[in-house]
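In the working numbering, the protein residues as written are 747 to 1106.
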């Protein structure tokens, strides 16, 4: 933590943007505005005589990122120097915005290339850095790269922990089931060319709900148990037209070309009209569990694709959950189709100082 010397109340007047605190330590590289940044109402001057533990306020933030250019969430050192991670980018933004070095803790340690629309993190800052209104949100986002954003930030009680307080995480995997994948989907969906049976995939997903040993699908970290509780698992499919033209066979569809059966879309290489593109569909797989093993979701998806191709029966899941066998598990699906969409908590206890009054 950077130690700041106290300043008089006159030096903290918002009417003077050029006044700065007398800092005992050098300012971090890239830190803008000195110790007090009035544009974002950040006042990072604290009384050094106070107990640091009594000065800290914990914040919870919901963040979203395109994981394509990140080497995962967790900060890590590399032989050639630090690599670009979500945690490191967030910590750097906090440092630039407040002048304090805070450790950012995430609910899910996503791998390289995995995205998030609902990742939850927490970090501690001195109470003097608590902002009014949306100051903190604006301050952080203005210092983050365009592929990373803070969506929500709020003060919480000190016993809140982004990882250990979470009751469940929900991951979504997107498959573009088409002969030719759209370039616009290349960063967020796995292009699978052969048609998939979503009915078979859902039958397999129904077998993983509940408490099971997922050792066949995940990587054990240290002595961590491999048993997980899956609360919800489902696959859905949506047809995606590739042209705006009306197909000449719409009045009397040829069943050999494409047919919808119980929510499934089957397509072949044959086309109803030379000007029409092959049919396409988006398959979305969502799994919510109390926690996930490393690579667990991607290996589940890889196995589900084998089920969807009717190469193995849906009851292969029963076998894998009882007798782990990597030979029956499909190859891990590519990371770019995976997204952490939601982290659930029983309830976040706001500190009394920040708790909303009745009716507000």
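Using N, Cα and C, we set each Cβ at its ideal position, and we do this for glycine too.
Host beta strand (DSSP E) of residue i (start-end)
i: residue 833; result: From DSSP, residue 833 is part of no beta strand (DSSP E) but of the alpha helix (DSSP H) over 832 to 844.
i: residue 959; result: 956 to 959
i: residue 913; result: 912 to 924
i: residue 938; result: 936 to 938
i: residue 810; result: 802 to 811
i: residue 1090; result: 1084 to 1091
Proximity winner among the options, relative to residue i (alpha-carbon distances)
i: residue 943; options: 934, 835, 1052 and 1078; result: 1052
i: residue 895; options: 857, 840, 966 and 1054; result: 840
i: residue 812; options: 1066, 828, 857 and 845; result: 857
i: residue 977; options: 873, 955 and 846; result: 955
i: residue 948; options: 820, 1032 and 828; result: 1032
i: residue 1073; options: 1062, 1080 and 966; result: 1062
i: residue 726; options: 930, 933, 1069 and 873; result: Any answer about residue 726 is impossible in this case: the structure gives the chain only from 747 up to 1106.
i: residue 933; options: 816, 1069, 1090 and 804; result: 816
i: residue 821; options: 814, 850 and 843; result: 850
i: residue 842; options: 1070, 871, 1084 and 914; result: 871
i: residue 900; options: 946, 1091 and 806; result: 806
i: residue 979; options: 1092, 1030 and 832; result: 1030
Rounded C-alpha distance that separates residue i from residue j
i: residue 919; j: residue 830; result: 23 angstroms
i: residue 902; j: residue 802; result: 11 angstroms
i: residue 887; j: residue 1047; result: 33 angstroms
i: residue 1038; j: residue 926; result: 32 angstroms
i: residue 868; j: residue 1026; result: 40 angstroms
i: residue 882; j: residue 904; result: 18 angstroms
i: residue 891; j: residue 835; result: 8 angstroms
i: residue 1042; j: residue 862; result: 16 angstroms
i: residue 961; j: residue 884; result: 42 angstroms
i: residue 923; j: residue 951; result: 18 angstroms
i: residue 969; j: residue 928; result: 42 angstroms
i: residue 848; j: residue 828; result: 17 angstroms
i: residue 910; j: residue 981; result: 28 angstroms
i: residue 965; j: residue 1049; result: 16 angstroms
i: residue 915; j: residue 860; result: 14 angstroms
i: residue 1056; j: residue 930; result: 29 angstroms
i: residue 984; j: residue 921; result: 11 angstroms
Extent of the continuous alpha helix (DSSP H) run through residue i
i: residue 1057; result: Looking at the DSSP string, residue 1057 is not in any alpha helix (DSSP H), and its letter there is neither H nor E.
i: residue 1039; result: Counting along the chain, residue 1039 falls outside any alpha helix (DSSP H), and DSSP gives it neither H nor E.
i: residue 931; result: Taken as a continuous stretch (DSSP letters only), residue 931 belongs to no alpha helix (DSSP H), as it is neither H nor E.
Any chain B beta carbon closer than 9 angstroms to residue i
i: residue 979; result: No chain B appears in this structure, which consists of one protein chain only.
In chain order, each alpha helix (DSSP H) run of at least 4 residues that lies wholly inside the stretch 854 to 902 = 881 to 887
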